[in-house]
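Read through the structure below, which is laid out as structure tokens, and then see the notes.
There are 2 protein chains.
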Amino acid sequence: MKLYGYFRSSTTYRLRIALELKGIDYEYIPVNLLTSEQKGEAFTSRNPFGSVPMLEADGCDRAQSMAQIEWLDEAYPENSLLPADLEDRYTARELAYAIATETHAVNNLPVLKYLKDPLGHSQEEIDIWYRHWLARTFAPLEARLAQLGTGDFLFDRPGFFEVVLLPQFYNAERFQFDCSDKPHIARIAQACLALPEFQRAHPDNQPDNPEMSS
Amino acid sequence: MKLYGYFRSSTTYRLRIALELKGIDYEYIPVNLLTSEQKGEAFTSRNPFGSVPMLEADGCDRAQSMAQIEWLDEAYPENSLLPADLEDRYTARELAYAIATETHAVNNLPVLKYLKDPLGHSQEEIDIWYRHWLARTFAPLEARLAQLGTGDFLFDRPGFFEVVLLPQFYNAERFQFDCSDKPHIARIAQACLALPEFQRAHPDNQPDNPEMSS
Numbered sequence: 001m002k003l004y005g006y007f008r009s010s011t012t013y014r015l016r017i018a019l020e021l022k023g024i025d026y027e028y029i030p031v032n033l034l035t036s037e038q039k040g041e042a043f044t045s046r047n048p049f050g051s052v053p054m055l056e057a058d059g060c061d062r063a064q065s066m067a068q069i070e071w072l073d074e075a076y077p078e079n080s081l082l083p084a085d086l087e088d089r090y091t092a093r094e095l096a097y098a099i100a101t102e103t104h105a106v107n108n109l110p111v112l113k114y115l116k117d118p119l120g121h122s123q124e125e126i127d128i129w130y131r132h133w134l135a136r137t138f139a140p141l142e143a144r145l146a147q148l149g150t151g152d153f154l155f156d157r158p159g160f161f162e163v164v165l166l167p168q169f170y171n172a173e174r175f176q177f178d179c180s181d182k183p184h185i186a187r188i189a190q191a192c193l194a195l196p197e198f199q200r201a202h203p204d205n206q207p208d209n210p211e212m213s214s
Numbered sequence: 215m216k217l218y219g220y221f222r223s224s225t226t227y228r229l230r231i232a233l234e235l236k237g238i239d240y241e242y243i244p245v246n247l248l249t250s251e252q253k254g255e256a257f258t259s260r261n262p263f264g265s266v267p268m269l270e271a272d273g274c275d276r277a278q279s280m281a282q283i284e285w286l287d288e289a290y291p292e293n294s295l296l297p298a299d300l301e302d303r304y305t306a307r308e309l310a311y312a313i314a315t316e317t318h319a320v321n322n323l324p325v326l327k328y329l330k331d332p333l334g335h336s337q338e339e340i341d342i343w344y345r346h347w348l349a350r351t352f353a354p355l356e357a358r359l360a361q362l363g364t365g366d367f368l369f370d371r372p373g374f375f376e377v378v379l380l381p382q383f384y385n386a387e388r389f390q391f392d393c394s395d396k397p398h399i400a401r402i403a404q405a406c407l408a409l410p411e412f413q414r415a416h417p418d419n420q421p422d423n424p425e426m427s428s
């Protein structure tokens, strides 16, 4: 498999975690979002959405991270990301899709760029926007996790939910969003970050991160 | 089952279509978004996300429309929304999640409200924002549908993709977004709108629509 992505892209980070947790070998091919490489003809002829991640797998160029993850878990059942129990599957998806739609989608790079130009907002206003949508989902997420009485992970080991949570936790730190009053979220994130799969998937450890220690 | 929703909410509309296509009887309970009923204690004690739709089903209060739809299709396999073939399932999800994350999430009511207050944008600027995110996803969506050579529906009958497309097609009409150069999208939408399941699910035919003909 080949994963086309960008080190700091939250959705690429999701795929790196998913592939690591499933134990699937893949080749990582950086796409430079800063030069809009994903909007060039060479890329959009394969992925009309012009977005990363693109997963080249089993003869197809696949777009859309959540569809990629659902597909991976069906096509490669070993080390499943979704639990077997129907209600647990629902719970994992409820929390993951809350982050994917209500936080990530609204804070995605094209949206932030539009706020700057044409809408003319300052970086400070954009940072406030960013933290607003983090707060709006992380508060009910924390409430749900408290109701569920979770331990180090949502279930017995990290899976579908943690794949989506960790990139958003990384963003929260980048945007100085305080998670100290979110003990369940913070505990799950720290437990994940201690695992080699999450360390290998981390943006700090990607070849296209200019600050990567060589 | 009980579906708590609002007639014009795109995500509630998704659930109405899904339940209709699956042939599942349900009670529709209007929640008045205009008076922020979904943010009241009576509602958030059951759904901490404070959002519609909420689906009361099999003893649980379920939030997040895409998780609800995935759950419905697993818990009630009859009249499945997702096709059986692995690649077709991927395709349906790719197109549906593109709309759910890149169009719907960014054009959702809380986002439009934030653009108005505190950001101070005019209705005209908000309408341009709305059409921008429709255009940005509908163009590659049309390209994918052309590649796939679709007929009246993505596959042999309406399912997962059409559940998410039709509410967005309704929004496109409301916001004067022209779909005449999107023949595949327009054809699929018209074929769906001719079916009684989609007519019963339509916002025009809900009891909380003030313009409903009695």
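Protein chains in written order, with the working numbering: chain A, 1 to 214; chain B, 215 to 428. Quick reminder that beta carbons are idealized off the backbone N, C-alpha and C, glycines included.
Other residues of its chain near F375(B): CB distance less than 6 Å, five sequence neighbours each side excluded: Answer for F375(B): A306, L309, A310, L368, listed in chain order.
Sufficient close CB pairs (3 or more, under 8 Å) joining the region 23-35 of chain A to the region 227-234 of chain B: The count of Cβ pairs closer than 8 Å, one atom from the region 23-35 of chain A and one from the region 227-234 of chain B, stays below three, leaving the stretches out of contact.
Under 8 Å between C-beta atoms of T315(B) and V266(B): no
Interface residues of chain A facing E316(B) [CB-CB closer than 7 Å]: A105
Distance between K39(A) and N171(A) (C-alpha atoms, nearest Å): 24 Å
Neighbour list for R303(B) in chain A, Cβ cutoff strictly below 8 Å: E70, W71, E74
C-alpha distance - A405(B) paired with A415(B), whole-angstrom precision: If I take the Cα positions, the gap works out to 14 Å.
For A312(B) and L355(B), believed in contact at Cβ under 8 Å, the rounded distance: 6 Å between Cβ atoms; contact.
Per-residue DSSP class, three states only, for L295(B): coil
CB contact check: Q252(B) to chain A, cutoff 8 Å: No, Q252(B) lies away from the interface with chain A (no Cβ there is under 8 Å from its Cβ).
Residue span of the alpha helix (DSSP H) that contains I24(A), given as start and end: Note, I24(A): premise wrong, no alpha helix (DSSP H); not H, not E.
Below-8 Å beta-carbon distance, G334(B) vs any chain A residue: no
Contact set for D287(B): own chain, Cβ-Cβ below 6 Å, skip 5 residues either direction: S294, L295, L296
Contacting residues, own chain, Cβ-Cβ under 6 Å from I29(A) (five flanking each side not counted): K2, Y4
Any chain B beta carbon closer than 8 Å to Y4(A): no
Proximity below 8 Å, CB of H398(B) to CB of A360(B): yes
Top-ranked residue by Cα proximity to P456(B), from I340(B), L333(B), P372(B), L269(B): Because chain B is modelled from 215 through 428, residue 456(B) falls outside the range shown and cannot be assessed.
Cα-Cα separation between R222(B) and T258(B), rounded to whole angstroms: 20 Å
Rounded distance between the beta-carbons of Y227(B) and P421(B), thought under 8 Å: In fact, because the Cβ distance is near 14 Å, the residues do not count as touching under 8 Å.
Where D117(A) falls: helix, strand or coil (DSSP): coil
Y90(A) and A277(B) closer than 8 Å at C-beta: no
Within-8 Å CB hit, F375(B) to chain A: No, its Cβ sits nowhere closer than 8 Å to a Cβ of chain A.
Length at least 3, wholly inside the region 10-56 of chain A: the beta strand (DSSP E) runs in chain order: Scanning the region 10-56 of chain A for uninterrupted beta strand (DSSP E) segments of 3 residues or longer gives 27-30, listed from N- to C-terminal end.
Rounded Cβ spacing between P48(A) and R358(B) (contact assumed at less than 8 Å): 6 Å
Under 8 Å from the C-beta of H346(B): neighbouring residues of chain A: Y114
Same chain, Cβ closer than 7 Å to D152(A), five either side skipped, listed in chain order: R187, I188, A191
A57(A), buried or exposed, once every other Cβ within 10 Å from all chains shown has been counted against 16: buried
Cβ pair I128(A), K116(A) closer than 8 Å: no
Neighbour flag for Y26(A) against chain B, beta carbons, 8 Å: no
Beta carbon of V378(B) nearer than 8 Å to that of V111(A): It is not a contact, given that the beta carbons lie outside the stated cut-off.
Interface partners of Y13(A) on chain B, CB under 7 Å: Against chain B, the beta carbon of Y13(A) has no neighbour under 7 Å; the closest one sits roughly 15 Å away.
Endpoints, alpha helix (DSSP H) assigned at Y97(A): Unbroken alpha helix (DSSP H) run through Y97(A): 86-98.
Short CB-CB distance (under 8 Å) between V245(B) and chain A: Among the CB atoms of chain A, none fall inside 8 Å of the CB of V245(B).
Beta-carbon proximity of L134(A) to F177(A), cut-off 8 Å: yes
Residue range of the unbroken beta strand (DSSP E) whose run includes D275(B): 274-276
Residue environment, P203(A), which counts as buried when at least 16 other CB atoms sit within 10 Å: buried
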